[in-house]
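Participant: The working numbering applies: residue 266 is where the sequence shown begins, and numbers increase by one. I'd like to ask you about the structure that follows.
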Amino acid sequence: MAGWGAFEGEDKEAERESKEGGRMGKRREANACVSTEKLMVALRDGRKLIGVLRSWDQFANLVLQSTSERLFTHSPPLQFADVPQGTFLVRGENVLLLGEVDLDKDDDVPVGFERGDVEQEQAGVKEERNVRERREKERGKVLRGEGFVGEDGEGTF
């Protein structure tokens, strides 16, 4: 049986270590986490990625192939655009939500949205992000005025 080993005799060593729970056994177990499902991943920073899941680990670190970032603008008219990104390595702590994409409905336009131009969507998303940041700064000022302290203990939110 061919394994990870590149040198003759390493397969026998791998089988022995696998039975003993050694390093080669762990590498083979990690290889069991290979998949080909199409997923939508929502990140903590608000981005949405759609791609084919190739691998993951116990920390929810993901490898997505043929990934595109889906941009949504929430000001009328409601539009979206897909920006091709290629292969993505997503650190598990940034994953907010993930779900399998129904391949029968993959090409359907999301309800209430229409397909838009990529450049327009990028500009719209950037503007919405700037508005949100300004709102958060104002909120932080009000909270600091009331005596609340941020995560770092210095009054920043």
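Glycine included, every Cβ here is placed at the ideal spot set by N, Cα and C. Every value quoted in this text rests on a predicted model; they were computed, and no experiment measured them.
Between which two residues does the beta strand (DSSP E) containing V348 stretch?
Facilitator: Taken as a continuous stretch (DSSP letters only), the beta strand (DSSP E) holding V348 covers 344-355.
Participant: Counting along the chain, where does the beta strand (DSSP E) carrying E392 start and finish?
Facilitator: From DSSP, E392 is part of no beta strand (DSSP E) but of the alpha helix (DSSP H) over 383-410.
Participant: Please classify T332: is it buried, with 16 or more other beta-carbons within 10 angstroms of its beta-carbon, or exposed?
Facilitator: With 16 or more Cβ atoms within 10 Å of its Cβ, T332 is classed as buried.
Participant: Take the Cβ of Q323 as the centre, count every other Cβ of all protein chains shown within 10 Å, and call the residue buried at 16 or more, exposed below.
Facilitator: It counts as exposed.
Participant: Could you have a look at E416 and say whether DSSP puts it in helix, strand or coil?
Facilitator: Residue state, collapsed to three classes: coil.
Participant: Would you grab the beta carbon distance between V360 and V306 for me? Rounded to a whole angstrom, and I think it's under 8 Å.
Facilitator: Yes, they are in contact, since the Cβ atoms of V360 and V306 sit about 6 Å apart, within 8 Å.
Participant: Could you check how far apart the C-beta atoms of V328 and R319 are, in whole angstroms? I think they sit under 8 Å.
Facilitator: That belief holds up - the Cβ atoms of V328 and R319 are roughly 5 Å apart, short of 8 Å.
Participant: What three-state label does DSSP hand E358 in the structure shown?
Facilitator: Correct three-state label for E358: helix.
Participant: Which value, in whole angstroms, describes the spacing of the CA atoms of T352 and G377?
Facilitator: C-alpha separation (whole angstroms): 29 Å.
Participant: Can you give me the C-alpha to C-alpha distance between G357 and A325, rounded to a whole angstrom?
Facilitator: Computed Cα separation, rounded: 4 Å.
Participant: On the DSSP bridge assignment, give the partners of F337 in chain order.
Facilitator: F337 pairs with F345.
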